[in-house]
Amino acid sequence: MAVILTASIPVTLTGQMTLSFQHTGRVTIGLCGSGNATIDWGDGTRVETHTLKFSMVPYYHTYSGATPRTITITGSDIRGLVCTDMQLTSLDVSKNPALSILDCSRNKLTSIDLSNNLDLRHLTCTNNQLTNLDVSKIIWLGLIRCSYNQLTSLDLNNNRAIKNLYCDNNPFTTVNMENLFRSLHNNVINGGKAIFPGSTSANTGIARETGWTIGGLTN
0 MAVILTASIP
10 VTLTGQMTLS
20 FQHTGRVTIG
30 LCGSGNATID
40 WGDGTRVETH
50 TLKFSMVPYY
60 HTYSGATPRT
70 ITITGSDIRG
80 LVCTDMQLTS
90 LDVSKNPALS
100 ILDCSRNKLT
110 SIDLSNNLDL
120 RHLTCTNNQL
130 TNLDVSKIIW
140 LGLIRCSYNQ
150 LTSLDLNNNR
160 AIKNLYCDNN
170 PFTTVNMENL
180 FRSLHNNVIN
190 GGKAIFPGST
200 SANTGIARET
210 GWTIGGLTN
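Number 148 in numbering that gives the first Met the number 0 belongs to position 149 of the sequence shown; there are no gaps in the numbering.
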């Protein structure tokens with residue numbers, strides 16, 4: 000993995016993402032796409048420039064102290080971001096509309112704005128503290144993993160391409176889980192479509208009626 004160290008990088012809003020956290024030791028960020036991407040690790044070390052590949056490549060950095068920091072990643076064609084296990088308290092991907100894969104699982108996020116990420120296809124945000132997840136503008140989203148959060152409702156009426164939905168271990172009421180079932184599309188998906196709601200007293204037949212397979216522990 001070639002790394003070019005530069006003294007300074009001009010800041011641009013195109014494709015910029017910021018990650019805020021408080022962590023010590025080594026962190027790993029995965030990126031994929033095309034062209035170059037810069038990473039400012041937020042601790043005064045030199046900004047790195049990397050040539051992206053279409054497959055996900057990990058980039059590592061080690062912090063000596065657990066002080067609040069913000070990582071800034073900039074690139075015109077960053078298609079994938081993996082930022083797991085970083086104790087993130089804030090993640091801003093709103094300025095990177097090219098993003099199609101996002102995995103921000105196992106952090107401390109309470110919210111995430113995806114309103115500008117219309118090309119997103121795979122979203123994994125499990126094991127956070129999210130109380131709301133608005134994906135209404137992401138019509139072609141195919142995979143959602145949002146288990147182990149604090150979601151009480153989820154509306155997928157506008158999402159016509161979802162193939163797999165993992166939403167277990169959230170505090171859905173029976174009524175809101177059934178509303179989620181009703182919001183699932185009835186399109187035929189190659190290979191089938193499945194929802195994993197976990198243990199629930201909701202009527203899973205609502206989802207089955209529109210062709211969904213129910214995975215996990217259900218009634």
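For each residue, glycine too, the CB sits at the ideal point set by N, CA and C. A quick note: this is a predicted structure, and the numbers were derived from the prediction, not measured.
- Thr172 is bridged by DSSP to nothing; it lacks a bridge partner.
- For the 9 Å CB-CB criterion, Met55 and Gly29 form a contact.
- Of the residues assessed, Val187 falls on the exposed side of the cut-off, its CB having fewer than 16 other CB atoms within 10 angstroms.
- Closest by C-alpha distance to Ser200, out of Ile143, Glu177, Val46 and Arg144, is Glu177.
- The shortest CA-to-CA distance from Val81 to any of Gly64, Tyr59, Pro67 and Thr66 is the one to Tyr59.
- The beta-carbon distance between Gly79 and Ile100, rounded to whole angstroms, is 4 Å. This is short enough to meet the 8 Å contact definition.
- Annotation: the continuous alpha helix (DSSP H) that includes Arg207 extends over Gly204 to Arg207.
- Counting C-beta pairs with one atom in each stretch, the stretch 132-144 and the stretch 158-170 have three or more that are closer than 8 Å, which means they touch.
- In this structure, Thr37 and Asp91 do not form a Cβ contact; the two beta carbons are roughly 16 Å apart against a cut-off of 8 Å.
- Beta-bridge pairing by DSSP links Ile138 to no other residue.
- Nearest to Pro96 by C-alpha distance, out of Ser63, Gly32, Gly24 and Thr50, is Gly32.
- Note that the C-beta distance between Leu153 and Leu122 is not below 9 Å.
- Nearest Cα to Arg181 within the set Gly190, Ile194 and Gln86: Ile194.
- With fewer than 16 other Cβ atoms from the protein chains shown falling within 10 Å of its own Cβ, Thr209 counts as exposed.
- By a beta-carbon distance limit of 8 Å, Thr151 contacts Thr172. Their separation comes to about 7 Å.
- With at least 16 other beta carbons inside 10 angstroms of its own, Gly14 counts as buried.
- Here the alpha carbon of Asp102 sits roughly 6 Å from the alpha carbon of Cys124.
- For Leu30, the three-state secondary structure derived from DSSP is strand.
- Taking Gly215 as reference, the option from Ser135, Asn116, Gly197 and Thr69 with the minimal CA-CA separation is Gly197.
- Exclusion of the five residues before and after Gly191 leaves Thr212 as the residues of its chain whose Cβ lies within less than 7 Å of its Cβ.
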